[in-house]
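Asker: Residue numbers (my numbering): 561 to 910.
Virtual Cβ for every residue (Gly too), placed ideally from N, Cα, C.
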Amino acid sequence: MSHNIANTSTSTSTLTASLPTVEQMKTWSQDNVKTFLQENRIRLDLEDKDINKIYTQRIKGSTFLDFTAMDFERWGVPSNSAKEIEKLINEIKREQPVTGLAILKNLDDKIDLIRSELENIYELSARSEIAKINGSYYSSNHADKISNYIYNKKMKMKLKESILYIRSLPQNKNFIKSLNILANRAEKALNDWEAHETKSTSSENHLYLANTKFLGIMLITSYIMDPKIAIENNHAPFDEVLELDICERPTSYFDMKNISIEIEKIKLMTKNLLHDYRQLLIRLAVLGFAIEALNSEGDKIADYRCNLVGILYVPKVSSIINIPNEWENGIKFSKGSNHAIKIVAIGDKP
């Protein structure tokens, strides 16, 4: 496997001796990361089941280098293997050539970060159509508006409240223990952010937020979800990554004043429908938040309309599936958005 994953003829020993660069890894897909782990499985002491656990997290090359041993352990990778992966990640970071070209590219890399870090929050901004029409200005403007809105809505306080609530719960379930690991990570990110705020300008603080992995999505999801109700439904009141599969083209690219977005999820069985229904709601709420942020100016929100539709595909059953109103409890939507979730039996047309 070559470092740009164009071919697959290079052996494991070659990869281990000559590590890929950070720039090369940024272009890797989820499958490329899996191949890399498979070819280094002996060094990392990984079994197929461990690699599959990492693969299910949908990690791309652009984010792989930001994870720590704690993250891999949280996903069920054995401690020793998790530490070996972290060592390999640190090796890749240390062995990057410091060349004139790398220095000259530094500014471009910063801009790319602003463009890419919020893809987990709002993948619409990553669409090539937007890039063609608006260029890099759109992405930079988008990141700035998201950051401004996070400040205006005082989301930091909401995240702190969620962390405190998690720590107040009895540690008698694995789910709560996992939430505490996530809370520790969130608290560290918040502490780093606050330390940066004390010595930086307002604009620098906004850029820091836009370029800090996972902090933005933690802040937003803690804002749109009530922590007590979220945990009762086996959801974290905040998260690090939120995958968004947008199925239809938005109706407007230019001003985001009138936009429709559809996302979907497929279930292989009707069991635990509540969890997947609420997952779709959470994703729709985050998209609605992003649209509202793009239409904000300070404390004022411009008039806009946002239609958000989630489609949940399920197997056909003999009875009609009724969704209780309380399944939407504790999830906050922006004022300018209308949302709906359609339950579609596989084989039917939505």
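Among all the DSSP beta bridges, which residues are the ones paired with residue 869?
Answerer: Bridge partners of residue 869: 822 and 900.
Asker: May I have a chain-ordered list of the beta strand (DSSP E) segments no shorter than 3 residues that lie completely inside the segment 705-733?
Answerer: The segment 705-733 contains no whole beta strand (DSSP E) run of 3 or more residues.
Asker: Return yes when the Cβ of residue 861 is within less than 7 Å of the Cβ of residue 855, no when it is not.
Answerer: Yes, these two residues count as a Cβ contact at 7 Å.
Asker: Sort out for me which residues DSSP pairs residue 905 with in a bridge.
Answerer: Bridge partners of residue 905: 874.
Asker: Got a sec, what are the start and stop residues for the alpha helix (DSSP H) residue 589 sits in?
Answerer: From DSSP, residue 589 is part of no alpha helix (DSSP H); its letter is neither H nor E.
Asker: Please state whether DSSP places residue 856 in a helix, a strand or coil.
Answerer: DSSP places residue 856 in strand when its eight states are reduced to three.
Asker: If I follow the unbroken alpha helix (DSSP H) through residue 776, where does it start and stop?
Answerer: Start and end: 775-784.
Asker: Can you tell me whether residue 649 is helix, strand or coil according to DSSP?
Answerer: Here residue 649 sits in helix by DSSP.
Asker: Suppose contacts are defined by Cβ-Cβ distances below 7 Å. Is residue 767 in contact with residue 710 by that definition?
Answerer: No, these two residues do not count as a Cβ contact at 7 Å.
Asker: Pull up the CB-CB distance for residue 853 and residue 705, whole angstroms please, since I reckon it's below 8 Å.
Answerer: Between residue 705 and residue 853 the Cβ distance is about 5 Å, and since that is below 8 Å, they are a contact.
Asker: Going by DSSP, which residues form a beta bridge with residue 861?
Answerer: According to DSSP, residue 861 bridges with 856.
Asker: Please report the distance separating the alpha-carbon of residue 625 from that of residue 842.
Answerer: Using only the alpha carbons, I get a separation of about 27 Å.
Asker: Roughly how far, in whole angstroms, is the beta-carbon of residue 629 from the beta-carbon of residue 646, given that I think they are within contact range, below 8 Å?
Answerer: 4 Å between Cβ atoms; contact.
Asker: By the DSSP assignment, the alpha helix (DSSP H) with residue 760 in it spans what residues?
Answerer: Neither: residue 760 is in no alpha helix (DSSP H) and is coded neither H nor E.
Asker: Compare the Cα-Cα distances from residue 754 to each of 859, 632 and 720 and report the closest residue.
Answerer: For residue 754, the nearest C-alpha among the options comes from 720.
Asker: Going by beta-carbon coordinates alone, are residue 787 and residue 728 separated by less than 7 Å?
Answerer: For residue 787 and residue 728, no; Cβs fall outside 7 Å.
Asker: With a threshold of 8 Å, are at least 3 pairs of Cβ atoms found where one atom belongs to the segment 749-764 and the other to the segment 823-840?
Answerer: The segment 749-764 is not in contact with the segment 823-840.
Asker: Can you name, in chain order, every residue of its own chain whose Cβ lies under 8 Å from the Cβ of residue 582, other than the five neighbours on each side?
Answerer: Cβ neighbours of residue 582 beyond the five flanking positions: 625, 652, 653 and 656.
Asker: Mind checking which residues open and close the alpha helix (DSSP H) that includes residue 609?
Answerer: Residue 609 -> alpha helix (DSSP H) spans 608-615.
Asker: Considering only residues of the same chain and omitting the five flanking positions on each side of residue 642, which have a CB-CB separation below 7 Å?
Answerer: 629, 632 and 633.
Asker: The alpha helix (DSSP H) spanning residue 620 covers which residue range?
Answerer: No alpha helix (DSSP H) holds residue 620; DSSP gives it neither H nor E.
Asker: Between the C-alpha atoms of residue 873 and residue 896, what's the straight-line distance to the nearest angstrom?
Answerer: Answer to the nearest angstrom: the Cα atoms are 27 Å apart.
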